[in-house]
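If you want the working numbering, it's the position in the sequence shown, counting the first as 1, plus 1. Every residue gets a Cβ at the ideal spot worked out from N, C-alpha and C, and that includes glycine. In this text, all values refer to a predicted model and were calculated from it rather than measured experimentally. Please read the structure below before turning to the comments.
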Amino acid sequence: MPNTDVLFAFLIATAIFSYMPGPSMLYAAAQTISRGRRAGWMASLGIHIGGYVHVFAAALGISVLFNTVPILYSLIKFAGAGYLIWLGIQFFRSSHHLSEDQIDTGKMETPKIAFWQSITVEVLNPKTAMFYIAFLPQFVDPSGGLPLWSQLLILGTFVNVMFSSADVFCVLLSSRVIDFLQEAKGSARWAQPVGGVLLIGLGIHLAVSQ
């Protein structure tokens, strides 16, 4: 493993990247606001589980395919963007079919659906894969006592945990919005459309960004 100085730099860099506002944090917020805090927790868990796909891919060298086969990167990127936009549209459509009684946050929670959707969203985000293969190799020690793949796996797991802690923090903040919506009668009707706007915006951003 790397020496103490390198590990300290790794910890600082990981903390900075983790708590910079990013797509996964906005996604967790959208799920929380639209479907309730339980769905937000499950969305964060789904993102975390999906992140391990990219961690293992980086450790095994599979993610390098995105550099050697650019069309693969584009296909996965547009698939992920399309899926986010589709989810956002579904939020809009479902909001029009909710009665005033059904807008109660507890009835809007669909944690199991949020969990599986979040895994799919994270796996279909090739930028996460590119981040791992660009970030992790800077902190491995070729002369260390552990094989390179195991060092990448350990470092990647820590990064994934740190990123998930930021998502959890975002869910906690979004829960305050849920509390406000519960107190302000009629305001909760905007929860689903707000989440839809966030997801559609994320999808468009993923599609047009490099």
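*asked:* Between the alpha carbons of Ile50 and Asn161, how many angstroms are there, rounded?
replied: 9 angstroms
*Reduced DSSP category for Thr15 - H, G, I as helix; E, B as strand; rest coil*: helix
Report the residue from Gly47, Ala59 and Leu200 whose alpha carbon sits nearest the alpha carbon of Phe93.
Among Gly47, Ala59 and Leu200, the Cα nearest to that of Phe93 belongs to Leu200.
Exercise. Whole angstroms is fine: what's the gap from Lys113's alpha carbon to Tyr133's?
Key: 28 angstroms
Check: When you compare each of Gln139, Ile179, Ile120 and Asp180 to Thr15 by their alpha carbons, which one comes out closest?
Finding: Gln139
*Helix, strand or coil for Tyr74 per DSSP?*
When DSSP states are grouped into helix, strand and coil, Tyr74 belongs to the helix group.
*Select from Thr121, Thr33, Met26 and Ala10 the residue whose C-alpha is nearest the C-alpha of Arg177.*
Thr33
From the DSSP output, in three-state form, read off Thr111 for me.
-> It is coil, neither helix nor strand.
Identify every run of the alpha helix (DSSP H) within the stretch 116–156, keeping only runs that are complete inside it and at least 4 residues long; order them along the chain. 127–136
Please name the residue, chosen from Leu154, Ala31 and Gly47, that lies closest to Trp117 on a Cα-to-Cα basis. Gly47
Using a threshold of 8 angstroms, state whether the C-beta atoms of Val122 and Tyr84 are closer than that. yes
### Message
Taking 8 angstroms as the threshold (C-beta atoms), are Gly41 and Ser175 in contact?
### Response
yes
Check: Which value, in whole angstroms, describes the spacing of the CA atoms of Tyr20 and Phe164?
Finding: 7 angstroms
Could you tell me whether the Cβ atoms of Gly81 and Leu173 are closer together than 8 angstroms? Pairing Gly81 with Leu173 gives a Cβ-Cβ distance that is not under 8 angstroms.
task: Check each candidate in Val7, Phe11 and Ser45 and name the one with the smallest Cα separation from Val169.
output: The candidate whose alpha carbon is nearest that of Val169 is Ser45.
| Taking the C-alpha atoms as reference points, what is the distance between Gly196 and Ile17? | 26 angstroms
task = State the start and end residues of the unbroken alpha helix (DSSP H) segment that holds Val54.
result = Residues Arg38 to Leu61.
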